[in-house]
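Protein chains in written order, with the numbering used here: chain L, 38 to 496; chain H, 1075 to 1238.
Built from N, CA and C at the ideal position, the CB exists for glycine as well.
In what follows, a single structure is set out as structure tokens and then discussed.
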Amino acid sequence: MTPIDSFEADEPMMRSIERPAWSTRETSEGAQELSTRVETDSPALGRESGAVLRLPDGQVLDASQIDIDRPDDETMIINMGPQHPSTHGVLRLMLELDGEVVLRTKPIIGYLHTGMEKTGEELTYVQGTTNVTRMDYLSPLHNELVFSLATEALLGVEVPTRATWIRMLMCELNRVSSHLMWMATNGMDLGSTTMMIFGFREREMVLSFFEKTTGLRLNTNYIRPGGVAADLPDGWEDDVAVICDTVLNRSFEYDDLLTGQPIFRERTEAVGNLTAEEALALGVTGPLLRSTGVPWDLRRSMPYLAYDELEFDVVVGTYGDNFDRYAIRLNEIRESIRMIRQIVEKMPAGDYRVQDPKITPPPRGRIDSSMEALIHHFKIFTEGFKVPEGEVYVPIESPRGELGCYLVSDGTSKPFRMHIRGPSFVNLQVLPLLLRGGLLSDAVAVISSVDPVMGEVDR
Amino acid sequence: MTDISADALADVPLAAGIGVDHIAFPARSAYKSVVASLRDAGFEMCADLCGVDYLGHPGRALPDGVAPERFEVVVNLLSLSAKSRVRIRVQAPEADPVVDSIFDVYPGVEAMEREAYDLLGIRFAGHPDLTRILMPEEWEGHPLRKDYGSGRVPVQFKEAPGPR
Chain L
38 MTPIDSFEAD
48 EPMMRSIERP
58 AWSTRETSEG
68 AQELSTRVET
78 DSPALGRESG
88 AVLRLPDGQV
98 LDASQIDIDR
108 PDDETMIINM
118 GPQHPSTHGV
128 LRLMLELDGE
138 VVLRTKPIIG
148 YLHTGMEKTG
158 EELTYVQGTT
168 NVTRMDYLSP
178 LHNELVFSLA
188 TEALLGVEVP
198 TRATWIRMLM
208 CELNRVSSHL
218 MWMATNGMDL
228 GSTTMMIFGF
238 REREMVLSFF
248 EKTTGLRLNT
258 NYIRPGGVAA
268 DLPDGWEDDV
278 AVICDTVLNR
288 SFEYDDLLTG
298 QPIFRERTEA
308 VGNLTAEEAL
318 ALGVTGPLLR
328 STGVPWDLRR
338 SMPYLAYDEL
348 EFDVVVGTYG
358 DNFDRYAIRL
368 NEIRESIRMI
378 RQIVEKMPAG
388 DYRVQDPKIT
398 PPPRGRIDSS
408 MEALIHHFKI
418 FTEGFKVPEG
428 EVYVPIESPR
438 GELGCYLVSD
448 GTSKPFRMHI
458 RGPSFVNLQV
468 LPLLLRGGLL
478 SDAVAVISSV
488 DPVMGEVDR
Chain H
1075 MTDISADALA
1085 DVPLAAGIGV
1095 DHIAFPARSA
1105 YKSVVASLRD
1115 AGFEMCADLC
1125 GVDYLGHPGR
1135 ALPDGVAPER
1145 FEVVVNLLSL
1155 SAKSRVRIRV
1165 QAPEADPVVD
1175 SIFDVYPGVE
1185 AMEREAYDLL
1195 GIRFAGHPDL
1205 TRILMPEEWE
1215 GHPLRKDYGS
1225 GRVPVQFKEA
1235 PGPR
């Protein structure tokens, strides 16, 4: 008998039908919360711990190993968030503490859920990038890129070389700005307000360039199916060169400020250790996975765009602790700058979007003189273009890890299903593991080093 | 590059896809064992798991021997060593939308299976903590289902001016 056959609908497999008796009745999360020991029987505690606390090799923690009989008055459950300055948004953690030591952790998410996947089904492919760009608000261009690549894969459209290289340039600049933002908030979480000011100062340079190119600092809606929205502005090479020089020079100031600083090292070294087996079992990607020594970067391992034509190093760590994750992100800023300089040198001439009248709106100038162009423009922006039936999963390397887009088309101009695999959503699952047995004060540092962006977690 | 998934997918209907070695369509009863044998074959990571509600789009292309059902669970597996991907699509009928949880094989799907349950109402037998994850616990219905009424719940923001 298979497990499915043995399953009976009456069996209380879900705990969500009615609010459990132990619930505080003060939140809307009910069974999603961490329950106290005294109010939980042994099997329930074992089951919950199995989900919340995990051991390496993909093994679920054995219920018999948990200190179930421990009296409740020895431990304390506290809420951290959803309104907490170091949870980077609206992440809520329920922590069970024994003094200052964290025993159990449960992340509770959904406070920023805005139904973007559902919204995506009601927008056309033309409008879709406006929606997805708001998911991971620190790297909007990567969101747009993954959606556009998925749409183009279904369409079977080949994007001009210049568009590909512009996309690469913008995405690497976005990676720099995202990592700078991380350096800033991480410094802030560890008490270095100087780093916060520095990080935001440098990030602003990149955002100014985005504003000049796309018209917006954030949520740019610049990369669209078929290419990019506009060509690079005049003199972009000089702007990019200034950004590269300034950020690179100042990244060495961060070394002086943080890397060698004893207090910073004490707080980050050997804190929140992760092994490669644990990371792989939990589906962790990005700098977290690389910090464990796994050289996995989709730009190198499964190249997309034209990353195979660039020279760059994949930065890996050794111990998988907070310091490794810091060092990886700092060095990825430098690697990105190295890539940006090559892109500026090799930027090909040509068109910035595909000249396919089905996908590309006519140029503004022709709308005033040609009736057909006006109709065509109107049709693209009201009805959108039809995408052939099919389904595709496209992954790219966002600053936080593997950002995937699973797109199902039923042949109309709107996606039948649009699913985004948010790296933060998956990476967040390591928190119970990283925090277990650590100090509460380190929890702030560990959350920061995981770099969750709640817009992408909750979507 | 050798096809490391060939043995594990020997008896499973297959299709070709963009960016993946195979798209596999195992039966619901064989789903978990196929995933487990793929993991043993070298697919170290489950990159993504999501559900799809095919209500209103039943005529999708499926290989011979696979009967379309309303729900589908889509799993994207990744092999870092072989640099290859395999996609698995399992059919789940409307009357009984239950598939095995693959939490024992890949603990990283814990949140993803909860998301599929929360948004589509697909249940995962054997999942240790199948609660809602994004929606509030007392929410009625599963928003990503195609027959879920978007805009059904009137939203009144506090202090919003009334109809004029």
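- When 7 Å is used as the limit between beta carbons, Met339(L) is near these residues of chain H: Lys1157, in chain order.
- Within the region 1099–1130 of chain H, those residues whose Cβ lies closer than 7 Å to any Cβ of chain L are, in chain order, Arg1102, Ser1103, Glu1118, Met1119, Cys1120, Ala1121, Asp1122, Cys1124 and Val1126.
- By the rule that beta-carbons nearer than 9 Å mark a contact, Arg199(L) does not touch chain H.
- If you look at Thr142(L), you'll find it isn't in any alpha helix (DSSP H); it sits in the beta strand (DSSP E) that goes Val138 to Ile145.
- The criterion of a C-beta distance shorter than 9 Å is not satisfied by Thr124(L) and Leu132(L).
- Chain L places no beta carbon closer than 9 Å to that of Gly1139(H), leaving this residue out of the contacts.
- The region 1149–1209 of chain H is shown to contain whole alpha helix (DSSP H) runs of 4 or more residues at 1184–1194, in chain order.
- Any Cβ of chain L closer than 9 Å to the Cβ of Ala1185(H) would place that residue at the interface, and such an atom is present.
- With fewer than 16 other CB atoms across the displayed protein chains lying within 10 angstroms of its CB, Ser1155(H) is exposed.
- According to the DSSP assignment, Arg129(L) belongs to the beta strand (DSSP E) that extends over Arg129 to Asp135.
- In this structure, the alpha-carbon of Pro1087(H) lies about 15 Å from that of Val1094(H).
- Counting C-beta pairs closer than 8 Å gives three or more between the region 1149–1168 of chain H and the region 1098–1110 of chain H, which meets the contact rule.
- For Met232(L), the three-state secondary structure derived from DSSP is helix.
- Glu372(L) and Ala343(L) have their alpha carbons spaced roughly 16 Å apart.
- Beta-bridge analysis with DSSP links Pro432(L) to Gly441(L).
- One alpha carbon belongs to Asn359(L), the other to Pro1142(H), and they sit about 47 Å apart.
- Close CB contacts of Val1109(H) within its chain, under the 6 Å cut and outside five residues either way in sequence, are with Ile1176 and Val1179 (chain order).
- Look at Ser1224(H) here: in three-state DSSP terms it is coil, with no helix or strand label.
- The straight-line gap separating the alpha-carbon atoms of Lys1157(H) and Thr312(L) is approximately 21 Å.
- Assignment of Asp1127(H) by DSSP, reduced to helix, strand and coil, places it in the strand class.
- Taking a 10 Å sphere around the C-beta of Lys383(L), we find fewer than 16 other C-beta atoms and assign the residue as exposed.
- Boundaries of the alpha helix (DSSP H) around Asn464(L): Pro460 to Asn464.
- Judged by beta-carbon spacing, Phe422(L) lies beyond the 9 Å limit of Ser461(L), meaning their Cβ atoms are not closer than that value.
- Residues are counted here when their Cβ sits less than 9 Å from a Cβ of chain H; for the region 423–443 of chain L these are Glu426, Gly427, Glu428, Val429, Tyr430, Val431, Pro432, Glu439, Gly441 and Tyr443, given in chain order.
- The residues Arg1206, Ile1207, Leu1208 and Met1209, in chain order, have a CB closer than 6 Å to that of Asp1192(H) in the same chain once the five nearest residues on each side in sequence are set aside.
- A Cβ of chain L is located within less than 9 Å of the beta carbon of Gly1091(H).
- Listed along the chain, the chain H residues whose CB falls inside 8 Å of the CB of Trp333(L) are Leu1154.
- Judged by their CB atoms, Asn223(L) and Tyr363(L) are nearer to each other than the 9 Å cut-off.
- The distance from the Cβ of Glu493(L) to that of Asp173(L) is about 4 Å, consistent with a contact at the 8 Å cut-off.
- With a threshold of 16 other beta carbon atoms within 10 Å, Val163(L) meets it and is buried.
- Listed in chain order, the positions of the region 446–468 of chain L with a beta carbon within less than 8 Å of a beta carbon of chain H are Asp447, Phe453, Arg454, His456, Arg458, Phe462, Val463, Leu465 and Gln466.
- Taking the CA atoms as reference points, Leu1112(H) sits about 20 Å from Val429(L).
- Interface with chain L (9 Å Cβ-Cβ cutoff): Arg1161(H) is included.
- Contacts with chain L (Cβ-Cβ distance below 9 Å) from the region 1214–1226 of chain H involve Pro1217, Leu1218, Lys1220, Tyr1222 and Ser1224, listed in chain order.
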